[in-house]
Amino acid sequence: MPEQNLKEDILNTLRLLSADESLSQRDISGHLGVSLGKTNYLLKSLAEKGFLKIRNFTSRNQKIKKVKYLLTKQGLEEKVNLTYHFLKRKESEYNRIKKEWEQLTACAAAGQPPAENSVKTANNYERVK
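So the sequence shown is numbered by numbering that gives the first Met the number 0: it starts at 0 and just counts up by one.
The following block contains the structure:
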């Protein structure tokens, strides 16, 4: 599960930066709901993999260094790939839950208690959320 969370964080980072390349690390951290340190780690690793280019720029009157995160062609391809796999996983989850729902409603309509494995799966789903 932690690997899935990391992939979702990477996907969400790529989504954010494709929409607005001038976001700061603090902005990205806030949008993702992760620490600034994790955001820094994600951005550096994405840059090392060639998914992002990090460009420094400053305005003449500003002393603070500004950074832009530019999505590369390889980064865009990774975003598409991660989006595809994310949607496939969500579709699979949807189909599993839909099947469970149909079994539970059929049991309820017949006045029977739900099968033991349906209850366990439903309870596990509630804990995962």
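The beta carbon of each residue, even a glycine, is placed where N, CA and C say it ideally should be.
message: Taking 8 Å as the threshold (C-beta atoms), are Arg25 and Leu16 in contact?
response: Leu16 places its beta carbon 8 Å or farther from that of Arg25.
task: Sort out for me which residues DSSP pairs Val33 with in a bridge.
output: DSSP output for Val33 lists no bridge partner at all.
message: Please report the straight-line C-alpha distance between Leu45 and Asn94, rounded to a whole angstrom.
response: Each residue's alpha carbon lies about 32 Å from the other.
message: Quick check on Lys64: does DSSP put it in helix, strand or coil?
response: It is coil, neither helix nor strand.
Start and end residues, alpha helix (DSSP H) containing Lys52: Looking at the DSSP string, Lys52 is not in any alpha helix (DSSP H); the run it does join, the beta strand (DSSP E), is 51–56.
message: Report the CB separation of Gly74 from Leu51 in whole angstroms; it is logged as a contact under 8 Å.
response: Sure, about 6 Å apart at Cβ, within 8 Å.
Cα-Cα separation between Asn11 and Leu31, rounded to whole angstroms: When the Cα atoms are used, Asn11 and Leu31 turn out to be separated by approximately 7 Å.
- request: Count the other C-beta atoms from every protein chain shown that fall within 10 angstroms of the C-beta of Thr82, then say buried if there are 16 or more, exposed otherwise.
  value: Residue environment analysis places Thr82 among the exposed positions, since fewer than 16 neighbouring C-beta atoms fall within 10 angstroms of its C-beta.
- prompt: According to the neighbour-count rule (16 or more other Cβ atoms, all chains shown, within 10 Å of its Cβ), is Leu70 buried or exposed?
  reply: So Leu70 counts as buried.
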